[in-house]
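Here's the structure we're looking at; comments come further down.
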Amino acid sequence: MDTSPGPSPDDERAAPPVPPLAALERAALEVERHAAVAGWDAPPRVFALVRTADAVAADPSLADVLPAEVVAEALGDPDHLTSVEQEELPEAEGLEELLGRIGWPPAVAGAAVVVERVVVPPSVELPEDPAAALEAVRSHPERQDVRIAVAVLRDGSTGSAVRRRLEDDDLRVVVGEDLVPGLSAALRATLTGG
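Residues in the sequence shown are numbered consecutively from 1, following full-length UniProt numbering.
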């Protein structure tokens, strides 16, 4: 049980503590919160996921660079993941093309992506024409802007986090195993080469 004090009410910048989640769901939540700091209307962000304990074992100097609480968590949880943002992404027309151009070396345990999307209720019938469907979504009165973070491991396991723009609050982020299956599959393909 974690008995450490939470952030001070006077510290507006402190994020609420991460709830106890599976390592992969925690990684998805952490990259979503990282992206949230930059605000909305941002391009996709891509992260490599490495097992923290393995990374520190391979390069002990990382223990001096990583926050002490991360190193402590990794010592107690061999599945603890550290995300490494990929800042120089290849040029691409869209997310599908971008993910199709990414591959990972064996030392990378998994990957995560953060994207923003507009969604409408499932009951909304959209035109078959892609341009007309896009316009229908953009103009629909029940449209919702969401930020989606998906994290996957080489074994196929998935964690997700979704934040609605209307409830832009760290405590309102929905976390689950595979909330966006299509995005999970596309990201998983970057780890398997297909």
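Ideal Cβ positions, reconstructed from N, Cα and C, are used throughout, including at glycine.
Quick caveat, the model's predicted, so the values are computed rather than measured.
For R45, the uninterrupted beta strand (DSSP E) run begins and ends at 45-51, by DSSP. At the C-beta level, A58 and V71 stay beyond 8 Å of one another.
E30: member of the alpha helix (DSSP H) spanning 23-36, first to last residue.
Cβ-Cβ distances below 6 Å link V56 to L62, A63 in the same chain, with the five nearest sequence neighbours on each side left out; the list follows chain order. Of the other Cβ atoms in all chains shown, 16 or more fall within 10 Å of the Cβ of T82; this residue is therefore buried.
Sorting L99, G176, V137 by C-alpha distance to the C-alpha of S123 places V137 at the top. Burial is judged here by how many other beta carbons sit within 10 angstroms of a residue's own beta carbon; E97 has fewer than 16 and is exposed. According to DSSP, residue pairing for V150 in a beta bridge involves V113, S160. By the criterion of at least three beta-carbon pairs nearer than 8 Å, the stretch 181-189 is not in contact with the stretch 23-42. Look at V84 here: in three-state DSSP terms it is strand. Close CB contacts of V84 within its chain, under the 7 Å cut and outside five residues either way in sequence, are with F47, A48, V50 (chain order).
Cβ atoms of E142 and P127 stay farther apart than 8 Å, at about 17 Å. A direct Cα-Cα distance of roughly 12 Å separates G110 from A23. A residue is called buried when at least 16 other Cβ atoms come within 10 angstroms of its Cβ; L171 does not meet this threshold and is exposed. Here V65 is not near A151, since their CB atoms are 8 Å or more apart. Taking the CA atoms as reference points, G176 sits about 31 Å from A131.
With a cutoff of 8 Å on beta-carbon distance, G159 and E25 are scored as near each other.
For A133, the CB contacts under 7 Å within the same chain, skipping 5 residues up- and downstream, are L126, P127 in chain order.
Spanning the alpha carbons of V115 and R147 requires a straight line of approximately 6 Å.
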